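Asker: Numbering (this note's numbering), first residue to last: 1 to 434. The beta-carbon is built from N, C-alpha and C at its ideal position, and this holds for glycine as well. These numbers come from a predicted model, not from an experiment. Sharing a structure here in structure tokens format.
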Ligand code: NDP
Ligand code: HSE
């Protein structure tokens with residue numbers, strides 16, 4: 001049988017890794033697919049750099065559209081990133097009736113509904129395993145392995161850069177800036193690293209996971225997003241002393257009123273497996289009603305781990321390339337006509353436990369006033385810690401039982417305006433993950 005011809009758009013970190021995996025493991029891949037997979041054309045801006053990697057036999061061009069429109073090419077692999085040319089090239093590839101593999105979570109989070117709709121109409125596949133949690137086959141697990149389940153919740157460490165930064169700060173005591181520079185050097189960070197540190201990249205991935213888990217449209221614009229740039233070292237240390245670790249967690253949960261969709265730094269009990277995921281590693285917990293909680297762990301970023309997911313998608317697409325669209329696995333796990341529009345829950349209605357830290361004057365009545373405000377707001381205190389700060393002040397930490405976020409916000413507003421409160425009140429969410 002003839003070889004499957006692939007057009008590779010972008011040959012940077014992930015594109016380069018994809019080339020290496022496809023060429024290095026060509027024999028194993030052919031044994032799996034039943035045909036060889038060959039990259040016949042590559043798009044890049046720096047063609048000399050690309051030439052050094054792929055040699056003389058592959059066609060190189062700056063014009064990705066010429067690859068997309070080449071009738072000889074069967075599958076387009078988009079690894080350029082960003083939203084402009086990547087979107088144009090993917091939409092044109094679909095219009096040309098070509099299957100697409102992409103790692104572009106930013107694009108899919110914002111334009112996924114349009115892209116998946118066009119692909120379904122045209123009967124082609126858009127595969128995106130590498131877009132969520134790098135090399136971990138979590139999309140395949142949710143879409144296929146857990147297909148029997150009504151998924152209840154998904155919670156994950158889905159940004160390697162921030163997990164690397166948090167680990168380095170906690171374990172080696174390095175500064176935020178130093179750890180971020182290392183993550184950039186190692187190829188984990190996005191072209192714009194604010195996407196990583198401000199939680200945007202994790203929210204891109206979480207909105208895709210929510211769509212796959214619950215059969216809802218991709219709704220990145222409704223996600224609640226907090227990153228780690230404001231996280232204080234002392235909260236990392238306090239959490240540690242109290243038996244918790246702080247992780248940037250993406251959480252999406254089905255509740256009676258809607259779907260939770262949120263990314264924020266989160267205290268997790270230190271004994272949980274997720275709390276012990278260090279460095280650039282990612283891990284995703286998926287809980288289904290039949291199977292219970294399941295955990296997927298591995299490298300969430302970097303050249304070869306991400307390429308592993310890209311090539312796995314290529315293998316899937318190559319196997320089903322000629323199949324009738326009715327026999328393809330739907331891109332978002334549910335049949336396109338069976339997607340439902342469950343609302344995304346407002347953060348005010350999210351129920352969680354909370355870590356609250358504030359500095360106060362250390363005098364009679366202070367604690368009583370704080371406790372009264374919390375109690376009036378239906379917030380029950382689970383535990384409380386106090387340590388002196390200087391001669392006249394004290395740092396107080398409350399850990400709450402489960403409370404509605406709207407109630408917590410109202411209580412914090414009142415507390416913040418009290419004359420004896422001498423700092424901003426720090427509020428972090430806690431997840432038990434059971
Ligand atoms: P890189 O910046 O390393 O590579 C981008 C590639 O695209 C380069 O070859 C670049 O060419 C090429 N390119 C960019 N713009 C154009 C253009 N206008 N025309 C032609 N070629 C162009 O990015 P990554 O490999 O890190 O990321 C690629 C995608 O994978 C992104 O969507 C990213 O979010 C995603 N991803 C990345 C992961 C990682 O660990 N890095 C993990 C998971 C997903 P040149 O070098 O010549 O400029
Ligand atoms: N910047 C991303 C991360 C790359 O750090 O996880 C993988 O998607």
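Could you name the residues whose beta carbon sits closer than 6 Å to any heavy atom belonging to ligand 2, keeping them in chain order?
Answerer: In chain order, the hits are 134, 159, 160, 161, 188, 189, 190, 196, 201, 300, 301.
Asker: Quick test of the definition: if touching needs 3 or more C-beta pairs under 8 Å, does the stretch 164–174 touch the stretch 283–297?
Answerer: Counting Cβ pairs under 8 Å, fewer than three are found: no touch.
Asker: Reducing DSSP to helix, strand and coil, say where residue 57 ends up.
Answerer: As a first step, residue 57 must be located in the chain shown, where it is residue number 57. Note: residue 57 maps to coil in three-state DSSP.
Asker: Using a 10 Å radius around the Cβ and a threshold of 16 neighbouring Cβ atoms, would you call residue 385 buried or exposed?
Answerer: By one-based count along the chain shown, residue 385 stands at place 385. Looking at its Cβ environment, which holds fewer than 16 other Cβ atoms inside 10 Å, residue 385 is exposed.
Asker: So, using beta-carbon positions, are residue 373 and residue 414 closer together than 7 Å?
Answerer: Walking along the chain shown from the start, residue 373 turns up at place 373. Walking along the chain shown from the start, residue 414 turns up at place 414. Cβ distance < 7 Å, so residue 373 and residue 414 count as in contact.
Asker: Taking buried to mean at least 16 other C-beta atoms within 10 Å of its own C-beta, is residue 266 buried or exposed?
Answerer: Indexing the chain shown from 1 puts residue 266 at position 266. Buried: at least 16 other Cβ atoms inside 10 Å.
Asker: Is residue 387 buried or exposed, if buried means 16 or more other CB atoms sit within 10 Å of its CB?
Answerer: Taking the first residue of the chain shown as position 1, residue 387 is located at position 387. So residue 387 ends up on the exposed side.
Asker: Would you please state the rounded distance, in angstroms, between the beta carbons of residue 310 and residue 130? I believe it to be under 8 Å.
Answerer: Position 310 of the chain shown, counted from the first residue, corresponds to residue 310. Position 130 of the chain shown, counted from the first residue, corresponds to residue 130. Correct: roughly 5 Å between the Cβ atoms.
Asker: If we count the other Cβ atoms within 10 Å of its Cβ and call it buried at 16 or more, is residue 111 buried or exposed?
Answerer: Here residue 111 corresponds to residue number 111 of the chain shown, with the count starting at 1. Counting Cβ neighbours within 10 Å, residue 111 comes out buried, since at least 16 surround it.
Asker: Nearest CA to the CA of residue 381: which residue from 362, 28, 354, 405?
Answerer: Taking the first residue of the chain shown as position 1, residue 381 is located at position 381. Taking the Cα of residue 381 as reference, the smallest distance to any Cα among 362, 28, 354, 405 is reached at 354.
Asker: Is residue 280 near ligand 1, going by C-beta to nearest heavy atom under 6 Å?
Answerer: Residue 280 sits at position 280 when you count from the first residue of the chain shown. Not so, every heavy atom of ligand 1 lies at least 6 Å from the Cβ.
Asker: How many Å lie between residue 252 and residue 296 at the Cα?
Answerer: Start at 1 with the first residue of the chain shown, and residue 252 comes out as number 252. Start at 1 with the first residue of the chain shown, and residue 296 comes out as number 296. Looking at the two C-alpha atoms, the distance is approximately 16 Å.
Asker: Given a cut-off of 7 Å, decide if residue 228 and residue 236 are closer than it, judged by their beta-carbon atoms.
Answerer: The residue you call residue 236 lines up with position 236 of the chain shown. The residue you call residue 228 lines up with position 228 of the chain shown. The answer is no: Cβ separation not under 7 Å.
Asker: Within the continuous alpha helix (DSSP H) that includes residue 105, where are the two ends?
Answerer: Against the chain shown, residue 105 aligns to sequence position 105. It spans 105–122 - the alpha helix (DSSP H) in which residue 105 sits, taken as one unbroken run.
Asker: Is the beta carbon of residue 41 less than 7 Å from the beta carbon of residue 50?
Answerer: Stepping through the chain shown from its first residue, residue 41 is reached at position 41. Stepping through the chain shown from its first residue, residue 50 is reached at position 50. No. Outside cutoff.
Asker: Starting from residue 222 and walking both ways along the alpha helix (DSSP H), at which residues does that stretch end?
Answerer: Position 222 of the chain shown, counted from the first residue, corresponds to residue 222. For residue 222, no alpha helix (DSSP H) run applies, since DSSP gives it neither H nor E.
Asker: When DSSP labels each residue in this structure, what does residue 341 get in the three-state scheme?
Answerer: Numbered from its first residue, the chain shown carries residue 341 at position 341. Looking at residue 341 - three-state DSSP - the assignment turns out to be coil, as it is neither helix nor strand.
Asker: Let's test the definition: count the other Cβ atoms within 10 Å of the Cβ of residue 340 and tell me whether it reaches 16, buried, or not, exposed.
Answerer: Within the chain shown, the letter at position 340 stands for residue 340. Flag for residue 340 reads exposed.
Asker: By the DSSP assignment, the alpha helix (DSSP H) with residue 165 in it spans what residues?
Answerer: Position 165 of the chain shown, counted from the start, is the residue given in the question as residue 165. From DSSP, the alpha helix (DSSP H) with residue 165 extends over 160–167.
Asker: Classify residue 433: buried if its beta carbon has 16 or more other beta carbons within 10 angstroms, exposed otherwise.
Answerer: The residue given as residue 433 occupies position 433 in the chain shown. Residue 433 comes out buried.
Asker: With a cut-off of 8 Å on the beta carbons, I'd call residue 225 and residue 198 a contact; round off their distance for me.
Answerer: As a working mapping, residue 225 is identified with position 225 in the chain shown. As a working mapping, residue 198 is identified with position 198 in the chain shown. Contact flag correct, Cβ pair sits at about 7 Å.
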